[in-house]
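There are 2 protein chains.
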Amino acid sequence: MKIKSLGLDNIRSVEWIDDTESLQLIDQRLIPFRVAFVQLTSVKDVCKSIKEMVVRGAPAIGATAAYGMVLAIKEANNVSKQERKESFEQNYFDILSTRPTAIDLSNFAKKIYNIALETDYSFDESLKVAKISVDKMVEQCKNIGEKSTDYIEDGDSILTHCNAGPLATIDFGTALAPFYKAKEDGKDITVYVDETRPRLQGAKITAWELEQAEINHKIIPDSAASFLMSKGKINKVILGADRCLKDGTISNKIGTLSVAVNAKYFDVPFYSSFPWSTIDLESDSIEDFKIEYRDEKEVKYVTSYEDEMLIANPKSNALNPAFDITPPELITSYFTPDGVLSLNELKNKIESIDKK
Amino acid sequence: MKIKSLGLDNIRSVEWIDDTESLQLIDQRLIPFRVAFVQLTSVKDVCKSIKEMVVRGAPAIGATAAYGMVLAIKEANNVSKQERKESFEQNYFDILSTRPTAIDLSNFAKKIYNIALETDYSFDESLKVAKISVDKMVEQCKNIGEKSTDYIEDGDSILTHCNAGPLATIDFGTALAPFYKAKEDGKDITVYVDETRPRLQGAKITAWELEQAEINHKIIPDSAASFLMSKGKINKVILGADRCLKDGTISNKIGTLSVAVNAKYFDVPFYSSFPWSTIDLESDSIEDFKIEYRDEKEVKYVTSYEDEMLIANPKSNALNPAFDITPPELITSYFTPDGVLSLNELKNKIESIDKK
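Chains R and P, in that order, give the protein sequences. Residues 15 to 370 in the working numbering are what the first sequence spells out, letter by letter. Residues 15 to 370 in the working numbering are what the second sequence spells out, letter by letter.
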C-alpha cells in the first residue's frame, strides 16, 4: 500500500499470512482515526468482514473473497469426505451472498471455486492461484495509473467520489492510481473529494490516503460538486466502478450517477477506472444489476471511531440505496489496465476476455 | 406554525412579544431533538442568531431582520440625538452583513429602515409595519399552497431539498405549503427528503415537520436523488429559494443546482417556491450573487443536540459553499403567491412589483 508516512508502503489492505494460514485485513471502518488489523481464520469471519464493511472497495472485496475461498477449502479438508462437498458449497454460497453489487467478489470466488474442483480441494494450489490473481489485479491497478498519464495535466482539478484508492484495491487504487502517478511525475493537481454520504468513504478514507501521499485535496459535500463544475472549478471526474457490464454500463457507489449527469451538463470529462476483475461477463442488461439497499441506520446515524450519533429526525424513515447505475452515454472514457479506452475499444477488449 | 401535535399550531417560528418588547425565535439548531425558544432584546443578539443559524430560511431570516430593525429603532431612541443616526446606521449595516445570500433579509430590513427615516424613528410605526409585512408574507406562503393544488396529484412522489417549511417561513412553508394543502385535501403523497449536507436541514427539520403533519416521507442522502429519478421513483421536485433574480435565476441551498440538472436529464418537473420578498429587484446578473462560504467545520463535524462529532480526516481541508445558482432553463415553473407561473409570467409579475 502506498502509505509510506505510516510505514505501510510494504503492507497490503488485504493480505494472506502464510505463517498463521489466515487473512489479514486493515479495518477500514476505523480509518482515518486508527490503523488496525484484523486476522481472519474462518469463512464465517470473512463473510462478516465483507458484510460489515471491515473491507470494502470492489477489488479488495474480490481479493478477500479469493482468500475466503482458500479458507473454505481448508475447512472442507477438515470435515469428512462425505460432508466435504456440502461444506464447501455452503461456504461458497455464503461468500457470494455477502454483498450483491460488486462483481469482483464473484469473479474471484468463482475462480478459486473452479480450482478447488479441478485439484480435488488442493489448499496449496488454490492459495497459489489466489495469490497470482490478486497480484495480477494489483499490477493492473498500477498500469491504470501509468497508462493514463496523458490524461492528467499540470493544474488539473479533479473530482473523485467514494474511495477507489489503495485500501479499496490492495495497493495503487483505480481512481487514485493516476493521482499517485501525477504526484510522482511532479504534476500539480487538486483533488476534490466528495465526502460520499452516508458512510463518508471520501471524507474518511480518500482524504486520508491523499493526505498521506501529500496530494492537494479538498473535501466537499456531495451536493457541492455541481456548483463547482458550474464555476469551472472541476475540469475532470475520475472514479471507480463496482461492476461494468459488457455494454459499458457501470454500477458504482450511490451518487456516481448524479456526478455523471452533472458532468455531462457542464461538459466535464467523466472517467471510470477499474481492473479487469470488475467486468461482468454474464449480465447483458441493467435489469440484472442487484442494487443493495443497506440499513437506514447508516443514513440516520454517523459513526466516528467507536461512537455513533443520531443526525436525523428519529421517527422518520430513511432509504439507503448503496449503489447506482451509470449508462455509457454519460462516460467519456474508461481508465483500464490496457490504457484509456473509448466505449468501442472497451467492448472489443471485453469480447477478447470473454473468448478466453 | 402548523405543528399541532406539539401544541405549536398557534406559535410562530419568529414572533414579536409585545409585553417584553422582544423577539422570540424557535432555536432551529435543536430541532428535532428539542423545541426551545430564545428571547432577543438587542440588535447584537439578533445578528448573532442569524449568523449562527438559530434562525434560518430566507423568509424567517427576513422576518427576524424586520424585528431586528425595530430593536435598532428602540436602541436609537435610547441614545442621544447626536448619536442616534450613527447608532441606527451601524445596526442596519450589522443586520445586512449577517448573511449575504438570502435577499429577504435586506428586503425586510430596508423596508423598516425607510419607515424609521420617514417617521423620525417611531417605534410604534415601525413595529406596525414590521408586523404587517410579516403577516403579508405568511399569507403569501399560504396562497402558494392553495394556488398550486392542481400541480399536486394523488400518488405523487415529490423530492424536496433543505427546508422550506413552517420553521423557515414563519408558518405554512414555501415548498412545504403544497404538501400541507395536499394532506388537507386527502391526497396521498410521498415526500423524498434530501438530508441536505452539511447542516442536514432536510433530515433534521423537514423530516420533523413532515412527521408532525403525518405526511409520508423518506429521508435520502442527497446523492441518491438522481438514482431515484432514474428509476421513476420521483416524479416532481419542489424546493424553496433564497433569492430570485429578475430573469428567474434562483439561488438556493447548496445541492439545488445538482437536483435541477438531474431533474432536467430525467425529465422530472422542477419547481421553485417562494413569496415576493425573495425577489431581488436590484441585481441583473448572477455575478451579483454573493455565495456564502461557511466554516469548513460544518463539513468535517456533525452536531446532534449539544454534541459534535468528527466525521472526516482531521488533517484535510473542506470547502463549504452554502448556496448555489440555478438558471431559469432548469426551472419548469415557479410556485408563487399568485399561483404557479411560467418564466414569462414571473417576469411580468416582477416588473409590476418593480414599478410600485
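Even glycine gets a Cβ: it sits at the ideal position worked out from N, Cα and C.
- Fewer than three Cβ pairs drawn from the stretch 220-232 of chain R and the stretch 154-165 of chain R lie within less than 8 Å of each other, which leaves the two stretches out of contact.
- Chain-ordered, the chain P residues with CB closer than 8 Å to the CB of residue 328 of chain R read 46.
- When Cβ-Cβ separations below 8 Å define contact, residue 222 of chain R makes contact with chain P.
- Our two residues, residue 181 of chain P and residue 174 of chain P, have alpha carbons roughly 15 Å apart in a direct line.
- With a beta-carbon spacing of about 5 Å, residue 184 of chain P and residue 152 of chain P fall inside the 8 Å limit used to define contacts.
- Interface criterion not met: the Cβ of residue 228 of chain R is under 8 Å from no Cβ in chain P.
- Apart from sequence neighbours up to five positions away, the residues of its chain that approach residue 313 of chain R with a beta-carbon distance below 6 Å are 212, 332 and 334, ordered along the chain.
- Scanning the stretch 36-112 of chain P for uninterrupted beta strand (DSSP E) segments of 3 residues or longer gives 36-40 and 51-54, listed from N- to C-terminal end.
- The Cβ of residue 76 of chain R sits no closer than 8 Å to any Cβ of chain P.
- When the Cα atoms are used, residue 258 of chain P and residue 209 of chain P turn out to be separated by approximately 23 Å.
- DSSP, read as helix, strand or coil, puts residue 155 of chain P in helix.
- No Cβ-Cβ contact shorter than 8 Å links residue 78 of chain P with residue 20 of chain P.
- Using a 10 angstroms sphere on the CB of residue 200 of chain R, the tally of other CB atoms stays under 16, which defines it as exposed.
- Burial of residue 288 of chain P is indicated by the presence of at least 16 other C-beta atoms within 10 angstroms of its C-beta.
- With a contact defined as Cβ atoms closer than 8 Å, residue 216 of chain P and residue 229 of chain P miss out at about 14 Å.
- Taking a C-beta distance under 8 Å as the contact criterion, residue 194 of chain R and residue 16 of chain R qualify as a contact pair.
- At a beta-carbon threshold of 9 Å, the residues of chain R lying near residue 316 of chain P are 316, 318, 323 and 325, ordered along the chain.
- Residue 48 of chain P sits exposed, since fewer than 16 C-beta atoms from the chains shown fall within 10 Å of its C-beta.
- At a cut-off of 8 Å between beta-carbon atoms, residue 235 of chain P makes contact with chain R.
- Under the three-state reduction of DSSP, residue 266 of chain P is assigned to strand.
- Residue 238 of chain P has a beta carbon lying within less than 8 Å of a beta carbon in chain R.
- Assigned with DSSP and collapsed to three states, residue 249 of chain P falls in coil, not helix or strand.
- Residue nearest to residue 130 of chain P within the set P:106, P:45 and P:27 is P:106 (criterion: CA-CA distance).
- The bridge partners DSSP lists for residue 273 of chain R come to none.
- Residue pairing from DSSP places residue 231 of chain R in a beta bridge opposite R:205.
- By a beta-carbon distance limit of 8 Å, residue 270 of chain R contacts residue 340 of chain R. Their separation comes to about 5 Å.
- Residues are counted here when their Cβ sits less than 7 Å from a Cβ of chain P; for the stretch 187-198 of chain R the count is zero.
- For the stretch 261-289 of chain P, residues whose beta-carbon sits nearer than 7 Å to a beta-carbon of chain R comprise 268, 269, 271, 272, 275, 276 and 279.
- Taking every protein chain shown into account, the CB of residue 50 of chain P has fewer than 16 other CB atoms within 10 angstroms, so this residue is exposed.
- Nearest C-alpha to residue 52 of chain R among R:143, R:237 and R:36: R:36.
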